[in-house]
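Scroll down for the structure; my scribbles are underneath it.
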Amino acid sequence: MIGLGCIGLSTCHHLSSQGLKVIGFEQYPYSGHSGTSSFGNARIWRHLQPNQESTDLMIKSQEKWKELEKESGTQLLVPNGLLVVAEENSKDYNEYASTATPDVQFLSNKAIMEKFPAMRVDHNPKLVGLWD
Ligand SMILES: Cc1cc2nc3c(=O)[nH]c(=O)nc-3n(C[C@H](O)[C@H](O)[C@H](O)COP(=O)(O)OP(=O)(O)OC[C@H]3O[C@@H](n4cnc5c(N)ncnc54)[C@H](O)[C@@H]3O)c2cc1C
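In my numbering, the protein residues as written are -19 to 112.
This is the structure we're talking about:
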């Protein structure tokens, strides 16, 4: 495997867990170097995606993250929730809403401010929320 960002490392892990011998090559001294996309110690992970294909992939990947957490004994996915705010019936809103899993709550303009008092959205009554 040439390149050990999160995709290369994940591929190495899955191939080796199937019994294959794998060698990984990385140009930097360590994975997640600042010159790569995998830089940093955190990434947002969310169900809400702009299309169903991506949401399905996130649902599937959740099982894989759980397996990896079990194997490593480390919590990797830390659920904090995600609030998407957009104008009702806008293109963005409709895309996200169409991929909402049953857990996603649809919030009215008023409900956003009740649930998140620090959020002010009353300047635009068309703004509504999706709480993942
Ligand atoms: C600022 C930023 C924020 C992001 N935030 C999120 C987020 O919140 N949530 C999310 O899901 N995604 C996020 N992403 C996207 C996600 O981080 C990337 O999709 C993912 O890290 C890509 O991983 P990768 O393994 O394909 O690439 P990389 O991490 O770039 O890995 C490629 C590796 O290949 C190595 N390499 C390249 N050429 C060679 C060579 N010739 N020889 C040896 N090694 C080589 C590189 O050094 C590197 O380590 C973000 C991306 C960026 C840049």
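Glycine included, C-beta positions come from ideal geometry on N, C-alpha and C.
Whether residue i touches residue j by CB criterion (8 Å)
i, j, result
"Val108", "Tyr76", "no"
"Glu68", "Lys106", "yes"
"Asp112", "Arg26", "yes"
"Glu49", "Gln42", "no"
"Val84", "Leu57", "no"
Alpha-carbon to alpha-carbon, residue j and residue i
i, j, result
"Lys90", "Asp102", "7 Å"
"Gln29", "Thr35", "6 Å"
"Lys95", "Lys71", "24 Å"
"Val78", "Glu33", "Reading off the sequence, residue 78 comes out as Ser, not Val. So the alpha carbons of these two residues sit roughly 11 Å apart."
"Ile39", "Tyr8", "32 Å"
"Met93", "Arg100", "6 Å"
"Tyr10", "Asn31", "34 Å"
"Ser88", "Leu63", "12 Å"
"Pro59", "Gly(-12)", "25 Å"
"Met(-19)", "Gly(-1)", "15 Å"
"Lys44", "Pro97", "35 Å"
Rounded distance between the beta-carbons of residue j and residue i, thought under 8 Å
i, j, result
"Leu(-16)", "Gly4", "5 Å"
Task: Runs of beta strand (DSSP E) wholly within the stretch 14 to 78 (minimum 3 residues, chain order) - done: 63 to 67
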